[in-house]
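What follows is a single structure, written as structure tokens, with notes after it.
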Amino acid sequence: MIVIMKFHASSKQIADIISRIESDGYKAHLSEGEERTIIGVVGESPTPLKQENYETMDGVEKVVRVSVPYKLASRQFHPHDTLVPLNGSQMGGNKVLVIAGPCSVEGRNEIIEAACAVKEAGATALRGGAFKPRTSPYSFQGFGEKGLQWLVEAREVTGLPIVTEVMDPALVPMVCQYADVLQIGARNMQNFTLLNAAGESQHPVLLKRGMSSTVEDLLMAAEYILAHGNTRVMLCERGIRTFEKFTRNTFDINAIPVLKHLTHLPVIADPSHGVGLSEYVEPVALAAVAAGADGLIIEVHVNPAEAMSDGRQSLTPERFASMVRQVRLIAEAIGRTA
Ligand code: PEP
Ligand code: MN
């Protein structure tokens, strides 16, 4: 249920609604718009929620039942786009932001070189995994905390904020000390302990769609983070498993406008994992921007043939720079910038 307050309802009226919600045994979540406040009522309680009782309270415009299970992630609860600050810009705003870097952090010099190259081409943030979720336990697993320290050095040189994956809930506080944005990978999208830890951290989160998850599963995963009062959540479409084997995954272009419709959270596209073949990354990136994506996350490697992971889908800095130029043209064509 959501309680929509009247235009400029007083803070006393809002506080009274919150106390009523809490005395009924539920949790209140506030969405403060410029003109009005919307109060989300979530949780379970033996006291049934009586819509009429809330409707008669002072300052209430109307009370609406939210039919979807993802209450806090829904547009009904928060009609305006959520903006997540990133390097002086905002993910979810008019500017399409590009996060780029190698799949894995491979060394100090390597990550600094990659960071300089993507910055030069116009990236807003640097990606790079220090903890890698690999299908095989024998594949390179990442440099761990050492990798995070190298990322920090790359940030000091370039000023680019760091987006990096965390796989273990116990490591969330440690990763938060280095990272600007926590990435939760496709394989961990429904690791509920991890989602709770990321929610509690209050750190910005980039949440990737599981490879066999529906759009609703993704929104329910985001709901876990939001339920802790952490509203800085960005969703990422990164391709799903289908019968098609030519490409690594099938990038679900539909998910972009569908998510933009269902949720207020920023939507990012990852065409690198979506197609898995570097020659198709640019066209899919452009399609995602045309479909309304707020941002892109792109794997870039100075020497893809030598990459320790995902070299086949990594762009060289030159190809990345040319992709960014095309992204700008598409963004301008639909009234945005990049
Ligand atoms: C990655 O970003 O390198 C990665 C492992 O992505 P995903 O979780 O989408 O597979
Ligand atoms: Mn990768």
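Residue numbers for the sequence shown follow my numbering, so the first one is 3 and each next one is one higher. For each residue, glycine too, the CB sits at the ideal point set by N, CA and C. Computed from a prediction, not measured in an experiment: that's the story for all the values here.
Beta strand (DSSP E) segment containing residue i, residue limits
| i | result |
| --- | --- |
| Glu-122 | Segment 110–123 is the alpha helix (DSSP H) holding Glu-122; no beta strand (DSSP E) there. |
| Gly-297 | 297–301 |
| Gly-103 | 99–103 |
| Leu-197 | From DSSP, Leu-197 is part of no beta strand (DSSP E) but of the alpha helix (DSSP H) over 194–203. |
| Pro-273 | That residue, Pro-273, is in no beta strand (DSSP E); its alpha helix (DSSP H) goes 273–277. |
Spatial distance of residue i from residue j (CA atoms)
| i | j | result |
| --- | --- | --- |
| Ala-340 | Met-59 | 46 Å |
| Gln-78 | Ile-40 | 9 Å |
| Ser-138 | Gly-313 | 16 Å |
| Pro-35 | Asn-198 | A small fix is needed here, since residue 35 is Gly in this sequence, not Pro. Answer to the nearest angstrom: the Cα atoms are 26 Å apart. |
| Ile-164 | Gln-151 | 11 Å |
| Val-353 | Val-260 | Residue coverage of the chain in this structure runs from 3 to 340, which leaves residue 353 outside it and unanswerable. |
| Glu-122 | Asp-296 | 21 Å |
| Cys-238 | Met-191 | 11 Å |
| Asn-232 | Gly-201 | 5 Å |
| Phe-133 | Met-3 | 39 Å |
| Val-44 | Ala-75 | 12 Å |
| Val-65 | Thr-160 | 48 Å |
| Arg-250 | Pro-50 | 48 Å |
| Gly-149 | Ser-311 | 14 Å |
Any non-hydrogen atom of the ligand PEP closer than 7 Å to residue i Cβ
| i | result |
| --- | --- |
| Gly-2 | Because the chain here runs from 3 to 340, residue 2 falls outside it and cannot be looked at. |
| His-263 | no |
| Arg-314 | no |
| Ala-257 | no |
Beta bridge counterpart(s) of residue i as assigned by DSSP
| i | result |
| --- | --- |
| Arg-129 | Val-165 |
C-beta neighbour in chain D for residue i, strict 8 Å
| i | result |
| --- | --- |
| Gln-192 | Absent here is chain D; the protein component of the structure consists of one chain. |
Residue i CB to nearest heavy atom of the ligand MN below 7 Å
| i | result |
| --- | --- |
| Glu-218 | no |
| His-230 | no |
| His-303 | no |
| His-275 | yes |
Start and end residues, alpha helix (DSSP H) containing residue i
| i | result |
| --- | --- |
| Lys-148 | 147–160 |
| Thr-39 | Premise fails: Thr-39 lies in the beta strand (DSSP E), 39–44, not in any alpha helix (DSSP H). |
| Thr-258 | Looking at the sequence shown, residue 258 is not Thr but Ile. Element bounds for Ile-258: 257–264. |
| Val-207 | That residue, Val-207, is in no alpha helix (DSSP H); its beta strand (DSSP E) goes 207–210. |
| Val-304 | Taken as a continuous stretch (DSSP letters only), Val-304 belongs to no alpha helix (DSSP H), as it is neither H nor E. |
| Ser-91 | Segment 91–93 is the beta strand (DSSP E) holding Ser-91; no alpha helix (DSSP H) there. |
Uninterrupted alpha helix (DSSP H) stretches inside the region 7–77 (no shorter than 4 residues): Qualifying alpha helix (DSSP H) stretches, in chain order: 13–25, 53–57.
Those runs of the beta strand (DSSP E) which lie wholly inside the region 219–245 and span at least 3 residues: Runs of the beta strand (DSSP E) inside the region 219–245: 235–239.
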